[in-house]
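Just below is one structure, and these are the notes that go with it.
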Amino acid sequence: MVTHIIFSLVFAIGYCIVAERFPKVKMWQGLMAGIISTIAVHGISFPLLGLTPPLSQLPVDEYISEILGHLFWFWSIELIRRDLRNRITHEPDAEVPITAMSR
Numbered sequence: 078m079v080t081h082i083i084f085s086l087v088f089a090i091g092y093c094i095v096a097e098r099f100p101k102v103k104m105w106q107g108l109m110a111g112i113i114s115t116i117a118v119h120g121i122s123f124p125l126l127g128l129t130p131p132l133s134q135l136p137v138d139e140y141i142s143e144i145l146g147h148l149f150w151f152w153s154i155e156l157i158r159r160d161l162r163n164r165i166t167h168e169p170d171a172e173v174p175i176t177a178m179s180r
């Protein structure tokens, strides 16, 4: 349990750092990062390391659970990241034009 929490925090902080340097990571409010992490971790890394059975042996509800879980997780990370960034810097993300703030 502690390992999973630490892993989640490291991934979330890593996402926030990468999002500042490479804004495309934030595509669809972080949902693209959730899809990529699901494929990279649960689809490729874990089966190769022998931590989970091959994808062909997993039930469909496992796929749905992992995909939805990662989507909600990365979406919530992006919402919190954006809010904290705006509160700390008093500015929107770098790629947002200043004129968009006046709406």
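The opening position of the sequence shown corresponds to residue 78 in my numbering, with each subsequent residue numbered one higher. Beta carbons: idealized from backbone N, C-alpha and C, even for Gly.
(request) Report yes if the CB atom of LYS103 is closer than 8 Å to the CB atom of GLU155, and no otherwise. (result) yes
(request) Go to ALA117, then tell me how far its alpha helix (DSSP H) extends in each direction, as first and last residue. (result) Premise fails: ALA117 is in no alpha helix (DSSP H) and is neither H nor E.
(message) If contacts are defined as beta-carbon pairs under 8 Å, then ALA171 and PRO100 qualify, I think. What distance do you get, rounded to the angstrom?
(response) 7 Å
(message) Quick check on DSSP: helix, strand or coil for ILE170?
(response) Per the sequence shown, residue 170 should be read as Asp rather than Ile. In the displayed model, ASP170 falls within coil according to three-state DSSP, outside both helix and strand.
(message) If I follow the unbroken alpha helix (DSSP H) through VAL79, where does it start and stop?
(response) 79 to 98
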